[in-house]
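Undergrad:
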Amino acid sequence: MNKAQYESLIPKPVLLEKRGGVCSLTPESRICVQAGSTWALQAAEYLAGRLRPLTGLPLPVEEAAQAFEPGCIYFTAQGAGTELGEEGYQLSTEEGCLIIRARGFAGFFYGCQTLRQLLPPAEGPWEIPGVFIEDYPRFPWRGSMLDVARSFFTVDEVKRLLDLLAAYKLNRLHLHLSDDQGWRIMIDSWPNLALHGGSGAVEGGRAGFFTKAEYQELAAYAQSRAITLVPEIDLPGHTNAALASYPELNRDGVAPGLYRGMKVGFSTLAAEKEITYKFVSDVLGELAALTPGPYLHVGGDEAHSTKDEEYRLFMGRVQDIVAELGKTLVGWDEIIQAGLRPGDLVQIWRKDTRPREAVRQGAKLIMSPCTRVYLDMKYGPETELGQDWAALIEVEDAYSWDPVSVYPDVGEEDVLGVEAPLWTETIHNLGDMEYMLFPRLLGVAEIGWSPRQGRSWEEYRLRLAAHGPRLRAAGVNFYRSGQVPWEER
Ligand code: IFG
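Count along the sequence shown from 1, then add 555; that gives the number in the working numbering.
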């Protein structure tokens, strides 16, 4: 049993006790599900779908047998304590079989992700080392953001990202669907947004847009991997693609051309025009109807061309619209100045923002500090891709920080979690996306999931090194940082 399978688990479990023996998967092995548990059955089917092609074993999924049989995998809710919550699980080898105990789909699903990492990355023997694991997340919001507006990414590419997020127990994918350079979702009542606004991109980027069916396909795919899609329509700034699509949205009634540059802050909706609020209401209404998750992200960032008073007026009406849709509002930290409502979520990204003010108004924080988790930032000066305006972010920089210690006056209960954005002004294809996200995103996943105490770069870097063969087996185009002694097995 190579140690890697114990010591390359990412994110690190809350509790792991090594035990003797193994659970060996053989042609006789079955995946058994407690009768009546639809969540367990869904997770078991997912696991079978992943292990059959990997191992070549039949691994039939059946209703749970009474007695536990060696070489079998069991899913059951019995014995799953309340401390596990919705996303926690217990995974243990007992009498040569493997048992996953959980209370909800996410728990069973995350037990499968850990089980996958306890099996070898690519070759047999398919043995799970004797182990007892009890595990559950520190934060409920653990995510990444893909900017499909500067440069578009296809349904299959987003599905690939969702698979990789799920492997590390990340449970939010924020899709930045609109910006100056592109509009990426069809809105039936304003079709030109996608038809015209989706026909451009940043220089060197890709044009395109999701049809409603494609967006719903992504939302369903995410849900089947315990991931909630968080759609963003950036308002009132970052709106050149919308303004270019409808002259009547513009203050002077003249539509600007499509924009292919990299500047920010030059565009704004006209807060004094009533049509602006019909536009916002129609767009968010159609998007809300498409989105199974509870969140609508309304952007709010870098509205440098919107007067402060106009911004406050505009954001107040947007909050009314989101509330009427029964959704939870998310916004970049500039929305703090517009006045928040209890339950709003504020995504902290800037160095000089005031999170205490947001918390005082009843908001919760999603931590995305640009100097730590803006993964469009270069690793180092030699990185060709990406930008460097916030910081150079090597693998250690993205790992060695804590969401609760970024600001002195923010406590554990104020922070909902962590999210690593990937802006795509310079990232135009899947390979480049993977290169910038991996391996830094694994560290973010650990920050979001694992206990704060005991976490250290010195220990993590060795675990990440041992995890390298797993990234390679998954075909991930990851950056071989010189900070990590990669095991090139
Ligand atoms: N800031 C802008 C993004 C993107 C980014 C690139 C936010 C909230 C710089 N706004 O980050 O649109 O241009 O690193």
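Ideal Cβ positions, reconstructed from N, Cα and C, are used throughout, including at glycine. All figures in this text were calculated on a predicted structure; none of them were measured in a lab.
Would the segment 598-605 and the segment 563-573 be scored as touching if the rule is three or more Cβ pairs under 8 Å?
TA: Cβ pair count under 8 Å is below three, so no.
Undergrad: Count the other C-beta atoms from every protein chain shown that fall within 10 angstroms of the C-beta of G886, then say buried if there are 16 or more, exposed otherwise.
TA: G886 is buried by the Cβ-count criterion.
Undergrad: Using the Cα positions of E769 and V713, report the straight-line distance between them to the nearest angstrom.
TA: Each residue's alpha carbon lies about 11 Å from the other.
Undergrad: Which residues in the same chain as P676 place their Cβ atom closer than 7 Å to its Cβ, once the five residues preceding and following it in sequence are excluded?
TA: The answer, listed in chain order, is P1024, R1025, A1028.
Undergrad: Can you tell me whether L750 is buried or exposed? The criterion is at least 16 other CB atoms within 10 Å of its CB, across all chains shown.
TA: L750 comes out exposed.
Undergrad: So who's on the other strand from K919, going by DSSP bridges?
TA: Beta-bridge pairing links K919 to L900.
Undergrad: Measuring straight from C-alpha to C-alpha, what distance separates T766 and G753?
TA: Near 11 Å, if we compare the C-alpha coordinates of G753 and T766.
Undergrad: What is the DSSP secondary structure of M556, reduced to helix, strand or coil?
TA: Its pLDDT being 44, under 50, M556 is placed unreliably in this model, and the value from its coordinates should be taken loosely. Residue state, collapsed to three classes: coil.
Undergrad: Could you give the first and the last residue of the continuous beta strand (DSSP E) run that contains Y629?
TA: Here the beta strand (DSSP E) through Y629 covers 628-631.
Undergrad: Relative to the C-alpha of E879, which residue among L997, A913, M741, S836 is closest?
TA: With distances taken between Cα atoms, E879 lies closest to S836.
Undergrad: Look at V1030 and Y1015 and say whether their C-beta atoms are less than 8 Å apart.
TA: A small correction: the amino acid at residue 1030 is Gly; Val does not occupy that position in the sequence shown. Taking 8 Å as the Cβ cut-off, G1030 and Y1015 do not qualify as a contacting pair.
Undergrad: Specify the secondary structure class of V961 as computed by DSSP and reduced to three states.
TA: In the structure shown, V961 sits in coil (DSSP, three-state: anything other than H, G, I, E or B).
Undergrad: CB of Q942 to nearest heavy atom of the ligand IFG: below 7 Å?
TA: Yes; taking the cut-off as 7 Å, the Cβ of Q942 has a heavy atom of the ligand IFG nearer than that.
Undergrad: Note down, in chain order, each residue of its chain lying with its Cβ closer than 8 Å to the Cβ of M556, except the 5 sequence neighbours on either side.
TA: Model confidence at M556 stands at a pLDDT of 44, short of 50, so the residue's coordinates are unreliable; what they give is reported in the following sentence. Contacts found: V577, E682, P684.
Undergrad: Assign T783 to one of three DSSP states: helix, strand, or coil.
TA: If DSSP states are grouped into helix, strand and coil, T783 belongs with the strands.
Undergrad: To the nearest angstrom, report how far apart D735 and G643 are at their CA atoms.
TA: Each residue's Cα considered, the two are about 40 Å apart.
Undergrad: Should the segment 737-750 be regarded as contacting the segment 829-843, the criterion being three or more beta carbon pairs within less than 8 Å?
TA: Touching, yes, given that three or more Cβ pairs across the two stretches are closer than 8 Å.
Undergrad: Label E862 either buried or exposed according to how many other C-beta atoms from any shown protein chain fall within 10 Å of its C-beta, with 16 as the threshold for buried.
TA: Reading the sequence as shown, one finds Lys at residue 862 and not Glu. Exposed.
Undergrad: Can you confirm whether the segment 960-969 touches the segment 944-952 when touching is taken to mean that 3 or more C-beta pairs between the two stretches lie within less than 8 Å?
TA: Because the criterion of three Cβ pairs below 8 Å is not met, the segment 944-952 and the segment 960-969 do not touch.
Undergrad: Please identify the residue among Y929, H983, I921, Y934 whose C-alpha is closest to the C-alpha of V959.
TA: Here the closest residue by C-alpha is I921.
Undergrad: What would DSSP say about F687, mapped onto helix, strand or coil?
TA: The answer is strand: DSSP assigns F687 an E or B state.
Undergrad: Given G666, which residues of its chain have a CB within under 7 Å of its CB, disregarding the five upstream and five downstream residues?
TA: These residues qualify, in order along the chain: Y644, L646, I655, A657.
Undergrad: Return the chain-ordered list of same chain residues with a C-beta closer than 7 Å to the C-beta of L720, the five sequence neighbours on each side being excluded.
TA: The residues are S699, L728, I782.
Undergrad: So E617 is in the beta strand (DSSP E); what residue range does that whole segment cover?
TA: Start and end: 616-618.
Undergrad: Hey, would you say the C-beta of D931 is under 7 Å away from at least one heavy atom of the ligand IFG?
TA: D931: yes, Cβ under 7 Å from the ligand IFG.
Undergrad: If I measure Cβ to Cβ from I890 and keep anything under 7 Å in the same chain, skipping five residues before and after, which residues do I get?
TA: So the qualifying residues of the chain are G855, M870, V901.
Undergrad: For L851, list the residues DSSP reports as bridge partners.
TA: The partner list for L851 (beta bridge, DSSP) reads L884.
Undergrad: List the DSSP bridge partners of T648.
TA: According to DSSP, which records beta bridges pairwise, T648 is partnered with L653.
Undergrad: Using DSSP with H/G/I as helix, E/B as strand and the rest coil, what is F869?
TA: In the structure shown, F869 sits in a helix (DSSP, three-state: H, G or I).
Undergrad: Would you mind working out which of K828, E829, A796, Y691 sits nearest G816, comparing C-alpha positions?
TA: Minimum Cα distance to G816 is reached at A796.
Undergrad: Look at Y929 and A918 and say whether their C-beta atoms are less than 8 Å apart.
TA: For Y929 and A918, no; Cβs fall outside 8 Å.
Undergrad: Quick one: what's got a C-beta closer than 8 Å to P680's C-beta in the same chain, skipping five residues either side?
TA: S579.
Undergrad: Pick out whichever of P994, W956, L940 has its Cα sitting closest to the Cα of N984.
TA: The shortest Cα separation from N984 among P994, W956, L940 belongs to L940.
Undergrad: For G626, I'd like the list of residues in its chain whose CB is within less than 7 Å of its CB, leaving aside the five on either flank, ordered along the chain.
TA: The residues are C578, S579, L580, T581, E583, S584, G651, C652.
Undergrad: Using a Cβ-based criterion (distance less than 7 Å to any ligand heavy atom), does W681 qualify as near the ligand IFG?
TA: No - the ligand IFG has no heavy atom lying nearer than 7 Å to the Cβ of W681.
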